[in-house]
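Peer 1: Whatever position you read off the sequence shown (first residue = 1), add 5 for the numbering used here.
Sharing a structure here in C-alpha cells format.
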Amino acid sequence: MDVEDLRCLAVRDAVPVLEYAALTKPTTPPIDRIPVEILCEIFKHYAHDVIHTPPPILADEVRIPSSQEYAYTWTKVIKVCRRWHDAALSCPGLWSDIVVTHSQWIAKVLARTGQTPLNVLAGLSYNPKGIDALKLVLQEMNRVFSLCISLPPGLVPDLAEHLRNLPPSLVSLELTWGNWYETSNLPLVDVSDIYLHSQSPHLRHISITNVPFMDWTSSILCPTVITLSWKKPRGMGGKKIRMSVILAAFKAMPLLESAELENVIANEIEQDSVPGPGVVKLPHLRTLKIHGDYLTPEMCTSLLHNLSLPALLSLHLSCYPTETVSYILAPFSALLQNQSRIHALSIKLSGYSLQIHAWTSPGAERHLSDVSSASEFFIDDAYGLTGPGDLKPNISLVMNLRDVYNLGTRILLGFCKNMPLSDVKALRVHTRVLSHKQWRELFAMLDGIAFLQIQNFPAPALLQALYSRRARPDENVTDRLVMSGLHTLQFDDCSLSDVYAHEGEGQEDAMTYLLFILDHRRAGGSQLQRLILQRCSVTTSAQLDAARAIIGEVDCTNVQTMKQDKGGDDDEFDVAFKDGQRQVDTYSHIDFGSLA
C-alpha cells in the first residue's frame, strides 16, 4: 500500500468524525449560553458601578459630563443584541437605581421597575428642570428606600409636602440645600412651614447639609438611626438651645454608631426649666466629630459630661479653647480611661491644632512585639495616618487651637498624665513647641518606649531631654536615663546640620550634639541599637561614619551632606567623647536660651 492509499484511508476515517463534530458544535458563543438571571446580575453590577462612579473627563472634549447624562451610559450594553435587550427589560431590579434626568425618560424607567424598592438620586442643583421628573418619582414614594437630593433653595417649596411626609420605607436620606460651594450666601427662602418629618420613621443613615429647616426635634432622629452627618455653614448655626433638647435627640437614637456634627450645636445653652433626661448612654457610638466656628470648650464639655460612651474609639473636636484647660481635660481623660492598654501613640502639636492618635488593638500589639519592625508602624497616606496593614488609630483626639504655646502644651501634658501609657512601645512626635523640661516630662511618662520617631527636628530641646535622667536625685527615684529601653531612634525631615550656640561651649551642629548623646547613652547602659535618618541633612558624611561606630546600624534615606569632608588626619572628624571631656550638669548641661 503506497502513500496515496494511506492518505485516502485517513480521509475516509476522518469524515465521520468531522460530520459528528459539525452536528454537535454549539451554534452560539459561550456568553449567549449564560442564563438570563445571571446575565441580569452582571448588568446590575455594571449599572451600579457606572451610576455611583464620578463621570470621567472626556478625552475629546474639555469638560466633565454631568452625573445625570453620564449615569445612564450603562444602557449601551442592552443595545448589543436582542437577547441582552430582552433580558434587561425583563429585570425590574436593574432599573431601581434612578438618576433624575427628564420626565419622559424617568417615566419609562419607572415603568420598567415594577414594584421593586427604589434608590433615587436627584442632583437638582445642577439640573433645576429635573423637578418635574423628581415629582414623578415621588409619586412612588412608598417604594423609595434611599433618597439623595441636592436642590437649590428656590425648589424647596415644591417638595415641602413630601419632606413633611417621608415614608416608612425610607432607610437612607441625604439632603443638600444649594450647591456644594454655597455656604452662608444662600438665597433667602421662607422655610417657616417646611420641616423633615415621618409618621413612622425607619431611617438608618442620615446626611443633612446646609438645610435650615432641620432641627434637634425632628422626628427623623429616630431609634433606627446608625449614622448621622449633620452640617450647617457658618452663620446658619449658633442659636441658643437647651441641653435637654440635644440630649433627648441623642437618647432617641440608641443604635447610633457614628455622628458628625458641624455648626449644629450652639455656643450658648439656655437654662432648662425642667430636669433633662440625665446622662444618656450610647453603647454603640464609635465615632464622634463635633465642629463649630464659634463652639466653645465649655459647650463641648457640657455635652460630653452628659453622654456615656463606652464604645467610643474616635473623637474629633474643633472648638476655640478659653483661658483655662480644665473644661476640656476632664471629659477627655474619662474617655481615655476606658482604654486599658495603649501600644502606639502619635502626637502632633502645630501652630493651630493638637492631634493625638492612639492604637489599642491586639493587631498593634502583635506588630510591635518585634522591635525591629517598629520603624514600619507609622504610615502617612492620602487618607491620613495609619498603621501597618491599614491599621487605623483606635483613638483620635483632634482640637483646633489659637494659643498653642500656652494651651497646647498644657493640654498635651494633661492628657498624657491621664492616659494609660505604661504599655506604649512606639511614639511619633511632630512639634517644635515643647521645651527641654516638657520633653523630659513627656519622656518620663513614656518610659517603656522602644521606638521613637521625630518629625521636623525641634531644635536642641529634644536632644537635651534624651540626655536627661528619668528623675532628679532629690525625687528619690532610680537614677537612670529617660527611655532606658529605647531601641530605635528615627528622624524624618530634620535639619541636623543646623548650628546652635550655647553658653561656654561655643557652637556646634545638632548632629554633633546627637553623637555626643548617643555615646553618653551607651556609656550609661542605655545604648541605642538603630538610628534611622530619612530626608535629613547633616554637616559631613564623617558624622554618619561616627554614628555607625557608636551604634552599628545606621539607615540613611535621602540624607543630604551640607559640607564636603576635608582630607588629612588633622581635619578628620573626631567623636571620641570621653568622661570629663564636658563639664556639664546632668539636667541643665547646656543653656540654649530662647532656642530651647
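Built from N, CA and C at the ideal position, the CB exists for glycine as well.
Predicted model only: the values in this text are computed from it and were never measured.
Can you give me the C-alpha to C-alpha distance between S177 and H310, rounded to a whole angstrom?
Peer 2: Taking the straight line joining both Cα atoms gives about 30 Å.
Peer 1: So, with DSSP's three-state summary, where would you put V438?
Peer 2: Reduced to three states, the DSSP call for V438 is coil.
Peer 1: Should the segment 212–219 be regarded as contacting the segment 244–251, the criterion being three or more beta carbon pairs within less than 8 Å?
Peer 2: In short, these stretches do not touch, since the Cβ pair count stays below three.
Peer 1: Is there contact here, the segment 228–237 with the segment 198–205, by at least three beta-carbon pairs under 8 Å?
Peer 2: In short, these stretches do not touch, since the Cβ pair count stays below three.
Peer 1: Could you check whether the segment 134–142 touches the segment 95–112, counting it as contact only if at least three pairs of C-beta atoms, one from each stretch, sit closer than 8 Å?
Peer 2: At 8 Å Cβ cutoff, the stretches touch.
Peer 1: Between the beta-carbon of R354 and the beta-carbon of L467, is there less than 9 Å?
Peer 2: Here residue 354 is Leu; the residue named in the question, Arg, does not match the sequence. Not closer than 9 Å, so no.
Peer 1: Since E558 and R535 are thought to touch, with beta carbons under 8 Å apart, how far apart are those beta carbons, to the nearest angstrom?
Peer 2: Contact holds; Cβ gap of about 5 Å.
Peer 1: In or out: H348 buried (at least 16 other Cβ within 10 Å) or exposed?
Peer 2: Buried is the call here.
Peer 1: Between the segment 372–380 and the segment 285–292, can you find at least three pairs of beta-carbon atoms closer than 8 Å?
Peer 2: In short, these stretches do not touch, since the Cβ pair count stays below three.
Peer 1: For S95, which residues from the same chain have a beta carbon less than 8 Å from its beta carbon, with the 5 sequence-adjacent residues on both sides left out?
Peer 2: Cβ neighbours of S95 beyond the five flanking positions: V41, C45.
Peer 1: If I231 and L318 are in contact, beta carbons under 8 Å, what's the gap, nearest whole angstrom?
Peer 2: Wrong, their Cβ atoms sit about 15 Å apart, outside the cutoff.
Peer 1: Mapping DSSP to helix, strand and coil, what is K397?
Peer 2: It is coil, neither helix nor strand.
Peer 1: So W182 is in the beta strand (DSSP E); what residue range does that whole segment cover?
Peer 2: 177–182 is the span of the beta strand (DSSP E), which, as asked, contains W182.
Peer 1: State the beta-bridge partners of F496 as determined by DSSP.
Peer 2: In DSSP, F496 forms a bridge with I459, L538.
Peer 1: In or out: V284 buried (at least 16 other Cβ within 10 Å) or exposed?
Peer 2: So V284 ends up on the exposed side.
Peer 1: Exposed or buried, which one is V504 when buried takes at least 16 other CB atoms within 10 Å?
Peer 2: V504 comes out exposed.
Peer 1: Spatial neighbours of L260 within its chain, please: C-beta separation below 8 Å, excluding the five flanking residues on both sides.
Peer 2: Result list for L260: P228, T229, V230, I231, H289, in chain order.
Peer 1: Determine which residues share a DSSP beta bridge with Q565 and list them.
Peer 2: DSSP, once it has assigned bridges, lists S542 as partnering Q565.
Peer 1: Could you check whether the segment 50–57 touches the segment 77–86, counting it as contact only if at least three pairs of C-beta atoms, one from each stretch, sit closer than 8 Å?
Peer 2: With the cut-off at 8 Å, the segment 50–57 and the segment 77–86 touch.
Peer 1: Compare the beta carbon distance of C541 and D497 with 9 Å and say whether it is the shorter of the two.
Peer 2: Yes, the Cβ-Cβ distance between C541 and D497 is below 9 Å.
Peer 1: Whole angstroms are fine: how far does the CA of R117 sit from the CA of P21?
Peer 2: One C-alpha to the other measures close to 50 Å.
Peer 1: Is C153 helix, strand or coil by DSSP?
Peer 2: Three-state DSSP puts C153 in a strand.
Peer 1: Could you give the first and the last residue of the continuous alpha helix (DSSP H) run that contains Q469?
Peer 2: Residues 466–471.
Peer 1: Quick one: measure Cβ to Cβ for V487 and A470, integer angstroms, because I've assumed they're closer than 8 Å.
Peer 2: Indeed they touch by this definition, with Cβ atoms about 7 Å apart.
Peer 1: Might you give, ordered along the chain, the residues of its own chain that have their beta carbon closer than 7 Å to the beta carbon of M146, omitting 5 neighbours on each side?
Peer 2: If we look at M146 and ignore the five residues flanking it on each side, its Cβ neighbours are H167, P172.
Peer 1: In the structure shown, what three-state DSSP assignment does A369 receive?
Peer 2: Helix.
Peer 1: Using DSSP with H/G/I as helix, E/B as strand and the rest coil, what is Q109?
Peer 2: Helix at Q109.
Peer 1: Tell me which residues share the same chain as S531 and place their Cβ nearer than 8 Å to its Cβ, disregarding the 5 neighbours each side in the sequence.
Peer 2: Only R485, L486, M488, S489, G490, L491 meet the Cβ criterion.
Peer 1: Would you identify the three-state DSSP class for E577, choosing helix, strand or coil?
Peer 2: Per-residue confidence for E577 stands at a pLDDT of 37, beneath the threshold of 50, marking its modelled position as unreliable; the derived number appears in the next sentence. Looking at E577 - three-state DSSP - the assignment turns out to be coil, as it is neither helix nor strand.
Peer 1: Report all residues from its chain with a CB closer than 8 Å to the CB of S500; omit the five preceding and five following residues, and keep chain order.
Peer 2: Excluding sequence neighbours, S500 sits near F462, A515, C541, S542.
Peer 1: Could you tell me which residues DSSP puts in a beta bridge with I274?
Peer 2: Partner(s): I246.
Peer 1: With 16 as the cutoff for other CB atoms within 10 Å, does I361 come out buried or exposed?
Peer 2: I361 comes out buried.
Peer 1: Taking only the alpha-carbon atoms, compute the straight-line gap between I384 and P398 and give it to the nearest angstrom.
Peer 2: Using only the alpha carbons, I get a separation of about 11 Å.
Peer 1: If you check the beta carbons only, do V114 and V149 fall under 9 Å apart?
Peer 2: No, Cβ-Cβ distance for V114 and V149 is not below 9 Å.
Peer 1: For the alpha helix (DSSP H) containing D298, list its first residue and its last residue.
Peer 2: No alpha helix (DSSP H) contains D298, which DSSP labels as neither H nor E.
Peer 1: How long is the line joining the alpha carbons of D452 and W182, rounded to whole angstroms?
Peer 2: Rounded to whole angstroms, D452 to W182 spans 52 Å at the Cα level.
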